[in-house]
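**Student:** Here it is: the structure, laid out below.
Number of protein chains: 2
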Amino acid sequence: MFTIGKLASLTSVSNDTLRYYEQEGLVEPAGKSPAGYRLYDKDSARRIRFIKHAQNCGFTLAEIRDLLVLRGRDKACCGDVRTRAVEKKLQIESKIRAMKAMSKALDQLIADCANETQPVNECTIIAALERANVKTPVH
Amino acid sequence: MFTIGKLASLTSVSNDTLRYYEQEGLVEPAGKSPAGYRLYDKDSARRIRFIKHAQNCGFTLAEIRDLLVLRGRDKACCGDVRTRAVEKKLQIESKIRAMKAMSKALDQLIADCANETQPVNECTIIAALERANVKTPVH
DNA sequence: CTTGACCCTGGAGTATACTCCGGGGTCTAG
DNA sequence: CTAGACCCCGGAGTATACTCCAGGGTCAAG
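From first to last, the protein sequence lines stand for chains A and B. Under numbering that gives the first Met the number 0, the first sequence has 73 at position 74, and the numbering climbs by one with no breaks. Under numbering that gives the first Met the number 0, the second sequence has 123 at position 124, and the numbering climbs by one with no breaks.
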């Protein structure tokens with residue numbers, strides 16, 4: 000069990016952010032010291048890392064809360080829980096496709112840059128994106 | 000040449016957002032009508048779609064402006080331009096890895112949900128993420 | 001028993017990316 | 001020539017995700 004500052008340095012997240020996450024229902028301290036200090040354990044650190052990964056994947060805190068709830072339900076593994084998981088997966092996959100297209104486009108750009116004799120094609124990136132026929136999800 | 004409303008409906012973006020993008024230096028109308036109406040062409044629509052794709056990939060508007068500038072430079076294809084492209088690519092690839100890990104984790108979750116006899120493993124998502132050993136870039 | 005490093009709460013402030021509004025011009029169809 | 005649908009600008013408001021105080025308590029070391 001350690002205090003907030005330790006968790007903060009373990010996860011490269013500020014104390015304020017951790018308190019904010021708690022306020023938003025994303026993490027709960029494992030306990031509290033007599034003086035009212037928040038106390039955390041290794042699972043807390045895992046949870047924070049998960050949140051950061053998910054954020055890095057483009058999820059909002061609200062969505063991440065959903066994912067965590069989804070993970071938390073030990074039994075109620077039916078209907079909407081599964082549906083949400085499938086939804087998220089489709090979302091992620093569409094993002095991956097978009098990102099791969101971007102990556103390819105950048106490859107092209109980098110390649111064009113490599114042989115400096117050729118000027119950069121005006122539309123390298125856009126063309127690559129359009130070839131990839133990526134669908135941007137409508138929010 | 001068409002007006003802002005048309006571009007808005009073509010790209011599923013609001014008039015306000017288009018004006019905001021202009022203000023932020025992401026798009027310029029191809030021209031203006033005598034009355035001062037913004038006039039756009041097909042390239043404008045492409046550009047907007049590019050912005051949306053890039054946003055969907057987790058780029059900020061500031062970064063997208065960079066990407067567009069990068070794309071725009073017909074000659075100055077050296078040094079920092081190339082460097083930035085390489086940087087972006089690394090960024091994207093790290094995100095793709097993280098997203099693949101998320102996707103796999105969700106697969107597992109969905110699979111667990113499929114045979115409802117088994118309760119959901121408490122740590123399915125987190126465990127998968129940790130197996131994937133994803134590095135979250137420090138901003 | 002004080003100093004410095006830590007913790008608490010509540011609330012205000014910031015950056016990003018829109019979104020909405022008021023007040024007013026433009027333009028096309030009837 | 002007027003009604004309705006469109007456009008303009010400037011500025012205020014909103015949601016998200018922090019970030020930074022102020023004012024005060026806790027605690028281990030010297």
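Here a beta-carbon is modelled for each residue, glycine too, at the ideal position from N, C-alpha and C. From a predicted model like this one, the values you see are computed outputs, not experimental measurements.
(1) Please look up how many angstroms separate the CB atoms of A/Thr-10 and A/Ala-44, rounded, as I've assumed it's under 8 Å.
(2) Whole alpha helix (DSSP H) runs in the region 2–42 of chain B with 4 or more residues, listed along the chain?
(3) From B/Glu-21 to B/Lys-41, what distance separates their C-alpha atoms?
(4) According to DSSP, simplified to helix, strand and coil, what is B/Thr-59?
(5) Of the residues that make up the region 82–100 of chain A, which ones have a beta carbon closer than 9 Å to any beta carbon in chain B?
(6) Taking CB distances under 9 Å as the criterion, tell me whether A/Asp-106 reaches chain B.
(7) CA-CA distance, B/Lys-51 and B/Glu-86?
(8) Just confirm the distance between the C-beta atoms of B/Lys-31 and B/Leu-38, as a whole number of angstroms; I'd bet it's less than 8 Å.
(9) I believe A/Ile-189 touches B/Ala-84 by the beta-carbon criterion, under 8 Å. Please report the beta-carbon distance rounded to the nearest angstrom.
(10) Given that B/Ile-109 touches chain A, what residues does it touch there, using C-beta distances under 8 Å?
(11) Are B/Ala-35 and A/Asn-55 touching if we call contact CB-CB under 9 Å?
(12) Can you give the Cα-Cα distance for B/Arg-81 and B/Gln-90, rounded to whole angstroms?
(13) Do you know how far the Cα of A/Ile-47 is from the Cα of A/Arg-64?
(14) Looking only at its chain, what residues have a beta carbon closer than 7 Å to the beta carbon of B/Lys-94, apart from the 5 residues adjacent to it on each side?
(15) From the DSSP output, in three-state form, read off B/Met-0 for me.
(16) Can you pull the chain A residues whose beta carbon is under 8 Å from the beta carbon of B/Ser-102, in chain order?
**Tutor:** Here's the rundown:
(1) What you label residue 10 of chain A is simply residue 11 of the first sequence in a count that begins at 1. What you label residue 44 of chain A is simply residue 45 of the first sequence in a count that begins at 1. Contact annotation, A/Thr-10 with A/Ala-44: C-beta distance approximately 6 Å; criterion of less than 8 Å satisfied.
(2) With a minimum length of 4 residues, the continuous alpha helix (DSSP H) runs that stay inside the region 2–42 of chain B are 3–10 and 14–22.
(3) The sequence position of residue 21 of chain B within the second sequence is 22, counting from 1. The sequence position of residue 41 of chain B within the second sequence is 42, counting from 1. Their backbone Cα atoms lie some 16 Å apart in a straight line.
(4) Numbered from its first residue, the second sequence carries residue 59 of chain B at position 60. Correct three-state label for B/Thr-59: coil.
(5) Of all residues in the region 82–100 of chain A, only Ala-84, Val-85, Lys-87, Lys-88, Ile-91, Glu-92, Ser-93, Lys-94, Ile-95, Ala-97, Met-98, Lys-99 and Ala-100 place a beta-carbon less than 9 Å from a beta-carbon of chain B.
(6) Within the first sequence, the letter at position 107 stands for residue 106 of chain A. For A/Asp-106, the answer is yes, since a Cβ of chain B falls inside 9 Å of its Cβ.
(7) Translated into positions along the second sequence, residue 51 of chain B becomes position 52. Translated into positions along the second sequence, residue 86 of chain B becomes position 87. Looking at the two C-alpha atoms, the distance is approximately 20 Å.
(8) Here the question's residue 31 of chain B lines up with position 32 in the second sequence. Here the question's residue 38 of chain B lines up with position 39 in the second sequence. Correct: roughly 6 Å between the Cβ atoms.
(9) Nothing about residue 189 of chain A can be reported from this structure: the residues present for chain A run from 0 to 138 only.
(10) Position 110 of the second sequence, counted from the start, is the residue given in the question as residue 109 of chain B. Chain A residues near B/Ile-109: Arg-81, Ala-84, Val-85 and Lys-88.
(11) Here residue 35 of chain B refers to the residue found at position 36 of the second sequence. Here residue 55 of chain A refers to the residue found at position 56 of the first sequence. Inspection of the sequence shows that residue 35 of chain B is occupied by Gly rather than by Ala. Going by C-beta atoms, B/Gly-35 is not nearer than 9 Å to A/Asn-55.
(12) Translated into positions along the second sequence, residue 81 of chain B becomes position 82. Translated into positions along the second sequence, residue 90 of chain B becomes position 91. Cα to Cα, the separation comes out at about 14 Å.
(13) Taking the first residue of the first sequence as position 1, residue 64 of chain A is located at position 65. Taking the first residue of the first sequence as position 1, residue 47 of chain A is located at position 48. Using only the alpha carbons, I get a separation of about 12 Å.
(14) Taking the second sequence and counting its residues from 1, one reaches residue 94 of chain B at position 95. If you ignore the 5 residues before and after B/Lys-94, its C-beta comes within less than 7 Å of the C-beta of Gly-57, all in its own chain and listed in chain order.
(15) In the second sequence, residue 0 of chain B corresponds to position 1, counting from 1. DSSP places B/Met-0 in coil when its eight states are reduced to three.
(16) On the second sequence, position 103 is the one that residue 102 of chain B refers to. Neighbours of B/Ser-102 on chain A, chain order: Lys-88, Ile-91, Glu-92 and Ile-95.
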